[in-house]
Amino acid sequence: MTMPDGADARQGAEAAAHEWQRVPPVRGQGGQPAFFSCWDIHAYYGESYIVQGVSFDIREGEIVALLGRNGAGKTSTLRTIARLDSPRLTHGEIWLDHKPLHEMKAFQAARCGVALVPEDRRIIPGLTVEENLKLAQIAPPHGWSLERIYELFPRLGERRQQEGTTLSGGEQQMLAVARALARDVKLLLLDEPYEGLAPVIVREIERTLEEIKKLGITTVLVEQNAIAALNLADRAIILDMGQVAFDGTAQEVLDNAELRQEYLAL
Ligand SMILES: Nc1ncnc2c1ncn2[C@@H]1O[C@H](COP(=O)(O)OP(=O)(O)OP(=O)(O)O)[C@@H](O)[C@H]1O
Ligand SMILES: [Mg+2]
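The opening position of the sequence shown corresponds to residue 112 in the working numbering, with each subsequent residue numbered one higher.
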């Protein structure tokens, strides 16, 4: 596979991302715009009104657990932030590092550093592990080198010539995260990374996410396994029927059995 890896292509992408650069409105305290902020976002699947006025901020390097019962709107919120076509954003603003994601399409948001790792992982059939990673690097801006990725995920290094779809569930999850790191990720959106994995594999993914946390990658983690997510996260946002029901520290949710019972059925 050949990669368009020239300085021209990189400069082109930097210029394209730079065009979006603006000063977002300041809504938080302290007079500084947040690194990431969504403000009163509303989104629909067809006629179905699902994301109903969600607002929250994230500081750079923070890990936020986005929690809530089945159907609360977690996946829909991630998809709205990543600017996928559905659900359709009808109102509100989304800012990442001074760039207005709400004005963008998915490919432009991706170029500005948004990486969504969906629940089904979307490993590309017919490609090896390494080809899956190289494909992620096909257009600038590039993130991590293959060497650095294999250092964090030695298992992927060992299986670099194996077809991606023949990996185990846990390895496919690692590949999905690795693919996001292969791009220049500024906001990592993980939808249920522990889904369907055995506890021992969950531990392994958790260790990887702890490494990612140390690297200061700003992350939104959606998880059914709320306790595991809260143990990793700095902050927690709980959604209920497409609205924010709680926004506070992860510790507050761990300490508050009533809150967990009401919104997480834990
Ligand atoms: N493509 C779609 N078309 C219409 N409605 C949808 C679509 N996808 C999801 N919904 C509805 O939107 C609501 C929120 O769904 P969403 O998948 O965002 O919830 P979730 O919090 O991720 O749930 P889960 O924990 O089950 O993954 C649900 O009522 C769901 O039925
Ligand atoms: Mg979901």
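Every residue gets a Cβ at the ideal spot worked out from N, C-alpha and C, and that includes glycine.
Going by the CB atoms, is the gap between F167 and V355 shorter than 8 Å?
-> The residue you call residue 355 lines up with position 244 of the sequence shown. The residue you call residue 167 lines up with position 56 of the sequence shown. In contact: V355 and F167 (Cβ atoms closer than 8 Å).
Indicate the three-state DSSP secondary structure (helix, strand or coil) for S279 in the structure shown.
-> In the sequence shown, residue 279 corresponds to position 168, counting from 1. DSSP places S279 in coil when its eight states are reduced to three.
Do you know how far the Cα of H202 is from the Cα of G268?
-> The sequence position of residue 268 within the sequence shown is 157, counting from 1. The sequence position of residue 202 within the sequence shown is 91, counting from 1. Going by the C-alpha atoms only, they are around 44 Å apart.
How many Å lie between A376 and G179 at the Cα?
-> Against the sequence shown, residue 376 aligns to sequence position 265. Against the sequence shown, residue 179 aligns to sequence position 68. Roughly 9 Å between the two C-alpha positions.
T188 classed as buried or exposed, judged by whether at least 16 other C-beta atoms fall within 10 angstroms | By one-based count along the sequence shown, residue 188 stands at place 77. Looking at its Cβ environment, which holds 16 or more other Cβ atoms inside 10 Å, T188 is buried.
Assuming I234 contacts L332 under a Cβ cut-off of 8 Å, what Cβ separation, rounded to an integer in Å, is found between them?
-> Taking the sequence shown and counting its residues from 1, one reaches residue 234 at position 123. Taking the sequence shown and counting its residues from 1, one reaches residue 332 at position 221. 20 Å between Cβ atoms; not a contact.
Euclidean distance between Cα positions of L227 and P265 | For the purposes of this step, residue 227 is taken as the residue at position 116 of the sequence shown. For the purposes of this step, residue 265 is taken as the residue at position 154 of the sequence shown. Cα to Cα, L227 sits roughly 23 Å from P265.
May I ask you to verify whether the segment 282-296 touches the segment 316-332, counting CB pairs closer than 8 Å and requiring at least 3?
-> yes
For the putative contact between Q154 and P198, defined by C-beta atoms under 8 Å, what is the C-beta separation to the nearest angstrom?
-> As a working mapping, residue 154 is identified with position 43 in the sequence shown. As a working mapping, residue 198 is identified with position 87 in the sequence shown. For clarity, residue 154 is Ala in the given sequence; the question names Gln instead. 4 Å between Cβ atoms; contact.
Output the residues surrounding ligand 2, defined as those with a CB atom closer than 7 Å to any ligand heavy atom, in chain order.
-> K185, T186, E230, D302, E303, V333
For ligand 1, any of its heavy atoms closer than 7 Å to the Cβ of A183?
-> As a working note, residue 183 is residue 72 in the sequence shown. Yes, Cβ of A183 sits closer than 7 Å to a heavy atom of ligand 1.
For T113, the three-state DSSP class (helix, strand or coil) = Working through the sequence shown from its first residue, we reach residue 113 at position 2. Because T113 sits at a pLDDT of 46, beneath the cut-off of 50, its placement in the model cannot be relied upon, and the following sentence gives the value as read from the coordinates. Here T113 sits in coil by DSSP.
Under the rule that 16 or more other beta-carbon atoms within 10 Å means buried, what is V364, buried or exposed?
-> By 1-based counting over the sequence shown, the position of residue 364 is 253. Buried.
Spatial neighbours of K185 within its chain, please: CB distance less than 7 Å, with the 5 preceding and 5 following residues excluded, ordered by chain position.
-> Position 74 of the sequence shown, counted from the first residue, corresponds to residue 185. Contacts found: L177, G179, V333, L350.
Is the beta carbon of I161 within less than 7 Å of some heavy atom of ligand 1?
-> Walking along the sequence shown from the start, residue 161 turns up at place 50. Flag set: Cβ of I161 near ligand 1.
Beta carbon of G275 nearer than 8 Å to that of V225 | Residue numbering aside, residue 275 sits at position 164 when the sequence shown is read from its first letter. Residue numbering aside, residue 225 sits at position 114 when the sequence shown is read from its first letter. No, these two residues do not count as a Cβ contact at 8 Å.
If you draw a straight line from the alpha carbon of I328 to that of D302, how long is it in whole angstroms?
-> Taking the first residue of the sequence shown as 1, we reach residue 328 at position 217. Taking the first residue of the sequence shown as 1, we reach residue 302 at position 191. Rounded to the nearest angstrom, the two C-alpha atoms are 16 Å apart.
Three-way DSSP call (helix, strand, coil) for H202 in this model | Reading the sequence shown from its first residue, position 91 is the one you call residue 202. If DSSP states are grouped into helix, strand and coil, H202 belongs with the strands.
Boundaries (first-last residue) of the alpha helix (DSSP H) holding S187 = The residue labelled residue 187 in the question sits at position 76 within the sequence shown. Unbroken alpha helix (DSSP H) run through S187: 185-192.
Mind reading off the beta-carbon distance from L263 to G281? Whole number of angstroms is fine, and I expect it under 8 Å.
-> Here residue 263 refers to the residue found at position 152 when the sequence shown is read from its first residue. Here residue 281 refers to the residue found at position 170 when the sequence shown is read from its first residue. Between G281 and L263 the Cβ distance is about 14 Å, and since that is not below 8 Å, they are no contact.
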